[in-house]
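A quick write-up on the structure given underneath.
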Amino acid sequence: MRRRKFTSLFPFFLVFIVLTMNLSSCSYKHYKGFQLVSDADVHLPVIFDSTFNKTTYLTTLKVFNHELSGITIIKKVKKTNTFHVVFMSQIGLKYFDLVVRMGKPADWFEINYIMESLNKEFIIKALQTDFQLLFAKYPNTNELQLYQHPESGSKEIIVANNKEVSSYLTDPVTQKASLIELRKGISTQATISLVPYSTNHPPEFKINNKKTRIQLEFKEIKM
Amino acid sequence: MKIYNLLIISLILIVLSSFQNETEVYHKLKDVDSFISKVKIYSAETFSIKSDFMQEKHLTILEEVLISEGHFTFQKENNVLWEYTHPIDYAIIVYDGKFIIRDVDKLSEFNIESNRMFKEINNMIITSVSGNFLNNSDFEVSYFENNDFYMVNLIPVRPEVKDMLSEIEIYFDKKDISVSKVKFIEPGDDFTLIKFFNKEFNQPIPEQVFN
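Residue numbers (the working numbering), protein chains in the order written: chain A, 109 to 331; chain B, 8 to 218.
Take a look at the structure:
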C-alpha cells in the first residue's frame, strides 16, 4: 500500500526537484555578508576605459598540461570600436590574433590567425568567452543589482545578460573591478581577477576559463 | 626664393631616396654556384658564433615597431642559445637534443622530437643561422643580391611550417658571408626581423653557457 502511494507521488516529486533546480539557477548567489542596496545609482566598472589606446603584457597561456609564454599586445581601434589582441612568442611567432567588439554597432568576435596546435573549437570558444568578458559592455537596458559589504565597503554589481549572469566585485578604494565572474545556470564559466589599479587599464590580471581549464596570465611590460 | 629653396630640398630628397632604393633593391643572383661554394666554405670553417642581436616585430595593427635585444650563441652542430635581455629576461636553449626555455628563473625542458612545434622552431633557427638550407627539401630556395648582401629566400614546403611562416629571408654580408639579418614573414604580412651585430667567430664556448 505504502509502495503504491510513493509510486503515484513520484512524478510530482520529480517536477518539484526540476522546478527547484530551475529557480535556484536563475537566482545569483552573491558574496557572503553583502547586502542588497536598493535605489542606488549603479554603474558597471569598465576594465579598459574609453581613454585606453594600447599596451603590452607578458603572457602565459596554460592549456591542460601545456604552457606557452610570450607577449600580448592589446590595442583599441577607435575607428571600428574594436579591441585587437595579438599573443605571440618571444621570438615573434604569433600564437593567435583576434578582434573583439563589445557594443555598437554589434558585438563581434573574429580570429584573424590561430596557430594550428591551438586551432581547436573548445579553445576558440574559450577565448571568445574570456575576451568578451574582459571587454564587456552591457546595454543600458540591462538591469543591475548592487550588493555592498557593510564593513569593508566592497561592492558587488550583478548584471544579467540572456542566460548568463556576470558579477563584478569592486575594490573599496579604487572602485575598479577586482574580480569578475561569469555564470551560466549554476556553473561558473570564467573568472577574471585583477590586481588593484587606478589607471585606464589593468597592469596585471588573470583569466581562468573554468569550463575548459584554460588559464591566461597578463603582466604589463614596457617595450 | 621660397619656391626655389623648396625645389632644391625636393631634388635632394629625390636623389637620396633613389640612392637608398638602389642599395635596397635585390636582383636575381646570377652565379648561384659561386655563392653556394662560399657558404659551404664559411659553414665548414665556422664552429661557433657569438653575437648581439636586435629583434624588430612589425605588426600591421601597430604603427611602431616592438624591439627586443639580447645575445646569440651558436655552437656546431646544433647547440643554440637565444638570450633576451630586453624587455625581459628570457632564453631559448637548444642543447643536446633538448629544448629548454628559461623564463626569468623558471626552467622548462622539452624533448625536441616529441614536440612538433619546438622541432619546427629549432629547425628554422638552425637553418637560418648556420646556412643549412643547402639540400634542404623543407624549403623552396631562391637567391638574390644587392651591393651589400646576398639574400636567400626560403618558402616552406611542409604544411606545419607554412601555417606559421610564409617566407624566411636570410641576409648574408658580402664581406664575410656571415648571416647579418633574418626575416621571418608570417601569413598576413606581419614579420620579425632579427639583426646580428658585434659578431665573433670560432671563439671557444664553455659548455655551461648552455646549462
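C-beta: ideal position from N, C-alpha, C; glycine also.
Strictly below 8 Å CB to CB, what residues from chain B border residue i?
i	result
Met-220/A	One detail in the question is off: residue 220/A reads as Asn in this sequence, not Met. Per Cβ cutoff of 8 Å: Gly-195.
Ile-232/A	Within 8 Å Cβ-Cβ: nothing; Ile-232/A doesn't reach chain B, min ~15 Å.
Thr-181/A	Checking the sequence, you will find Ile at residue 181/A rather than Thr. The answer, in chain order, is Leu-66, Ile-68, Leu-69, Leu-73.
Leu-166/A	Ile-95
Taking DSSP's pairing of strands, which residues face residue i in a bridge?
i	result
Asn-269/A	Glu-272/A
Leu-209/A	At residue 209/A the sequence reads Arg, which differs from the Leu that was named. Arg-209/A pairs with Trp-216/A.
Asn-189/A	None, per the DSSP bridge assignment.
Asn-317/A	Ala-298/A, Ile-322/A
Arg-109/B	Ala-98/B, Leu-114/B
Phe-156/B	Asp-180/B
Met-196/A	Ile-179/A, Lys-202/A
Tyr-165/A	Thr-180/A, Glu-328/A
Arg-291/A	Val-273/A, Thr-296/A
Ile-222/A	Phe-204/A
Pro-213/B	Bridge partners of Pro-213/B: none, in fact.
Asn-143/B	Beta-bridge pairing links Asn-143/B to no other residue.
Gln-82/B	Ser-55/B, Asn-86/B
Phe-243/A	Paired residue(s): none; Phe-243/A is not in a bridge.
Tyr-305/A	For Tyr-305/A, which the question treats as bridged, DSSP gives no partner whatsoever.
Whole angstroms are fine: how far does the CA of residue j sit from the CA of residue i?
i	j	result
Gln-323/A	Ile-181/A	17 Å
Phe-198/B	Ser-262/A	46 Å
Lys-330/A	Lys-202/A	19 Å
Lys-140/A	Ser-275/A	14 Å
Ser-221/B	Ile-100/B	Coverage of chain B is limited to positions 8 through 218, which leaves residue 221/B absent and any answer about it impossible.
Phe-208/B	Ile-175/B	23 Å
Pro-211/B	Ile-107/B	22 Å
Asn-130/A	Arg-291/A	Its pLDDT being 44, under 50, Asn-130/A is placed unreliably in this model, and the coordinates cannot settle the point.
Val-154/A	Phe-243/A	8 Å
Ser-187/B	Lys-64/B	17 Å
Tyr-178/B	Ser-286/A	49 Å
Trp-89/B	Ser-75/B	11 Å
Glu-328/A	Thr-188/A	25 Å
Phe-313/A	Ser-50/B	47 Å
Tyr-97/B	Asp-170/B	25 Å
Tyr-91/B	Lys-105/B	19 Å
Glu-229/A	Lys-271/A	21 Å
Lys-37/B	Tyr-157/B	11 Å
Asp-40/B	Asp-155/B	18 Å
Asp-110/B	Gln-253/A	43 Å
Lys-202/B	Asp-149/A	56 Å
Phe-305/A	Lys-47/B	First, the residue type needs correcting, since residue 305/A is Tyr and not Phe in the sequence shown. Roughly 57 Å between the two C-alpha positions.
Ser-160/A	Pro-310/A	The question names Ser, but residue 160/A is Phe in the sequence shown. Taking the straight line from one Cα to the other gives about 10 Å.
Ser-58/B	Lys-206/B	4 Å
Glu-29/B	Lys-35/B	At Glu-29/B the pLDDT is 49, less than 50, meaning the model places this residue with poor confidence and gives no usable figure here.
Phe-117/B	Gly-293/A	40 Å
Tyr-255/A	Ile-288/A	14 Å
Glu-71/B	Asn-220/A	20 Å
Ser-115/B	Leu-66/B	28 Å
Arg-321/A	Ile-231/A	10 Å
Lys-182/B	Pro-213/B	28 Å
Do you know whose CA, among the options, lies nearest residue i's CA?
i	options	result
Thr-156/A	Lys-184/A, Phe-172/A, Phe-230/A	In the sequence as displayed, the identity of residue 156/A is Phe instead of Thr. It is Lys-184/A.
Phe-217/B	Phe-42/B, Asp-38/B, His-78/B, Val-32/B	His-78/B
Phe-204/B	Phe-42/B, Arg-109/B, Val-189/B	Val-189/B
Trp-216/A	Leu-226/A, Phe-191/A, Phe-230/A, Phe-160/A	Phe-191/A
Asn-160/B	Lys-47/B, Asn-154/B, Ser-149/B	Ser-149/B
Thr-249/A	Ala-268/A, Phe-160/A, Pro-280/A	Ala-268/A
Asn-172/B	Ser-115/B, Gln-62/B, Glu-193/B	First, the residue type needs correcting, since residue 172/B is Leu and not Asn in the sequence shown. Leu-172/B has its Cα closest to that of Glu-193/B, out of Ser-115/B, Gln-62/B, Glu-193/B.
Glu-325/A	Gln-283/A, Val-303/A, Lys-284/A	Val-303/A
Asp-205/A	Glu-175/A, His-309/A, Phe-239/A	Phe-239/A
Lys-186/A	Leu-176/A, Gln-143/A, Glu-251/A, Lys-162/A	Lys-162/A
Glu-224/A	Ser-58/B, Asp-103/B, Lys-113/B, Arg-165/B	Arg-165/B
Gly-178/A	Met-61/B, Ile-68/B, Val-87/B, Pro-94/B	Pro-94/B
Lys-113/B	Lys-284/A, Thr-282/A, Leu-176/A	Leu-176/A
Glu-147/B	Asn-153/B, Pro-163/B, Ile-133/B	Pro-163/B
Residues of chain B with a CB under 7 Å from the CB of residue i: which are they?
i	result
Lys-245/A	What Lys-245/A touches in chain B: nothing, since even the nearest Cβ is about 21 Å away.
Gly-200/A	Gln-62, Lys-64, Phe-191, Thr-199
Ile-329/A	Pro-94, Ile-95
His-192/A	Ile-68
Residues of chain A with CB closer than 8 Å to the CB of residue i, please, in chain order.
i	result
Asp-170/B	Met-223, Glu-224
Tyr-91/B	Gln-198
Ile-99/B	Gln-198, Ile-199
How would you list, in chain order, the residues of chain A whose beta-carbon sits under 7 Å from the beta-carbon of residue i?
i	result
Tyr-7/B	In the structure as shown, chain B starts at 8 and stops at 218, and residue 7/B therefore has no counterpart that could be examined.
Asp-110/B	Ser-177
Glu-167/B	Glu-224
For residue i, return the contacting residues in chain A, with the cut-off set at a CB-CB distance below 9 Å.
i	result
Ser-115/B	Glu-175, Ser-177
Whose Cβ in chain B lies nearer than 9 Å to the Cβ of residue i?
i	result
Leu-242/A	Here the premise fails: no neighbours, minimum Cβ distance about 17 Å.
> Does the stretch 230 to 246 of chain A come close enough to the stretch 304 to 320 of chain A to have 3 or more Cβ pairs within less than 8 Å?
Replying inline: By the Cβ criterion, the stretch 230 to 246 of chain A is in contact with the stretch 304 to 320 of chain A, since at least three pairs of Cβ atoms, one from each stretch, lie closer than 8 Å.
> Are three or more beta carbon pairs between the stretch 203 to 215 of chain A and the stretch 296 to 311 of chain A nearer than 8 Å?
Replying inline: no
> Within the chosen definition, does the stretch 41 to 57 of chain B reach the stretch 74 to 84 of chain B through at least 3 CB pairs nearer than 8 Å?
Replying inline: Here the stretch 41 to 57 of chain B lies against the stretch 74 to 84 of chain B, with 3 or more beta-carbon pairs under 8 Å apart.
> Any chance the stretch 188 to 207 of chain A sits against the stretch 159 to 177 of chain A, with 3 or more Cβ pairs inside 8 Å?
Replying inline: yes
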